[in-house]
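Taking UniProt numbering, the leading residue of the sequence shown gets 1, the next gets one more, and so forth. For each residue, glycine too, the CB sits at the ideal point set by N, CA and C. Since the structure comes first, as structure tokens, the remarks are kept for the end.
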Amino acid sequence: MLVAHGSRRKESNDEVVVLTSKLGGLCAEQFSVVHYGFLELADTLIPAGISRCVDDGATAITVLPYFLNSGRHVVEDIPNVINECRALHPDIAITIAPHVGASQGIFDVLIASASTQI
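So this is what it looks like as structure tokens:
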């Protein structure tokens with residue numbers, strides 16, 4: 001499950017919805033269910049996203065924080081919400097992957113992005 005911050009700007013949240021849909025198509029063999037949840041400021045907060053995964057048959061959920069840095073949201077807020085979700089779904093293994101910015105692949109993304117002219 002992709003976890004993003006959430007925004008008051010609907011279009012920003014819509015980007016996460018589209019990204020999640022594309023991601024689900026790309027990793028369908030590895031992850032049978034792919035949903036999203038927002039930390040705040042948007043519909044479909046993290047607990048609702050977890051519930052969607054469970055409702056769609058997930059028996060284990062990997063939470064991927066879609067954040068570049070390990071700020072308070074990554075270090076404290078997301079784990080706190082996930083702990084609450086674990087209490088609501090004790091039969092589901094819910095783990096948290098490292099945030100996107102911690103991935104070694106981020107360097108390739110940054111270089112490719114910087115090489116693109118707008």
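Would you kindly work out how many angstroms separate the C-alpha atoms of residue i and residue j, rounded to a whole number?
i	j	result
Leu2	Asn69	15 Å
Asn13	Leu19	10 Å
Take residue i as the anchor and find which of the options has the nearest alpha-carbon.
i	options	result
His99	Pro65, Val18 and Phe38	Pro65
Gly102	Val16, Val75 and Ser7	Before going on, a small fix: residue 102 reads as Ala here, not Gly. Ala102 has its Cα closest to that of Val75, out of Val16, Val75 and Ser7.
Ala93	Gly71, Val54 and Val109	Val54
Ignore the nearest five residues each way along the sequence and tell me which others in residue i's own chain have a CB closer than 8 Å to its CB.
i	result
Pro79	Ile96
Give the DSSP-derived three-state secondary structure of residue i in the structure shown.
i	result
Phe38	strand
Ala48	helix
Strictly by DSSP, which residues pair up with residue i?
i	result
Ile94	Ile61
Ala4	Phe38
Please go through the same chain and pick out, in chain order, the residues whose beta-carbon is closer than 6 Å to the beta-carbon of residue i, but skip the five residues on each side of it.
i	result
Ala58	Val33
Near residue i, what residues of its chain come up, given a Cβ to Cβ distance below 7 Å and the 5 sequence neighbours on each side ignored?
i	result
His73	His5, Leu39 and Phe67
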